[in-house]
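If you count the sequence shown from 1, you need to add 4 to reach my numbering.
Backbone N, C-alpha and C define an ideal beta-carbon position, used for all residues, glycine too.
Being a predicted model, the structure only gives us computed values, none of them experimental.
Written below as structure tokens is the structure these notes are about.
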Amino acid sequence: MEFNERLQQAFALLESKGIGKSTYSPPLFRLLWRLGVKVPPPHMAGFGFNALVMGGFFGLFWGLFMWLLLWGRQGMPIWIGAAAALAAGVLFGLTMAGYLRWSAKQRAIPTWQEFDA
């Protein structure tokens, strides 16, 4: 089965389990899908994958945003800003991955590998 067809069937399953579209198809994942990256929906992806992708994206852009608007103007050393962005990314990534795993378990959502469309 083609990836896009399987993805649409996964969306139907996730929606039937009461998960909102903005949760099973967040902007970051929609961007990845448009770029041709074949990643599963967040609820079906693994804990480590979600932690890395979401935490990495958040840490990078939050750190850049903070540096441009605040930290750079305050004269903060770049290594402190990078460490703060890394810590924020790790915390956000672990929190989101934990929530997604918990939510998937509560709703009996299979992993992408177990999903048989």
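Between the CA atoms of residue 5 and residue 87 - distance to the nearest angstrom: 43 Å
Measure the C-alpha to C-alpha separation of residue 3 and residue 97 and round it to an integer number of angstroms. A question about residue 3 goes unanswered here, because the residues of the chain that appear run from 5 up to 121.
Would you say residue 93 and residue 50 are within 7 Å of each other, going by their C-beta atoms? Taking 7 Å as the Cβ cut-off, residue 93 and residue 50 do not qualify as a contacting pair.
Which full runs of the alpha helix (DSSP H) of 4+ residues lie inside the stretch 43-102, going along the chain? 51-70
According to DSSP, is residue 108 part of a helix, a strand, or is it coil? helix
For the alpha helix (DSSP H) that contains residue 19, what are its first and last residues? 7-20 is the span of the alpha helix (DSSP H), which, as asked, contains residue 19.
Closest by CA to residue 61, which one among 89, 85 and 12? 89
Is it right to say residue 8 is buried, meaning 16 or more other beta carbons lie within 10 angstroms of its own, or is it exposed? exposed
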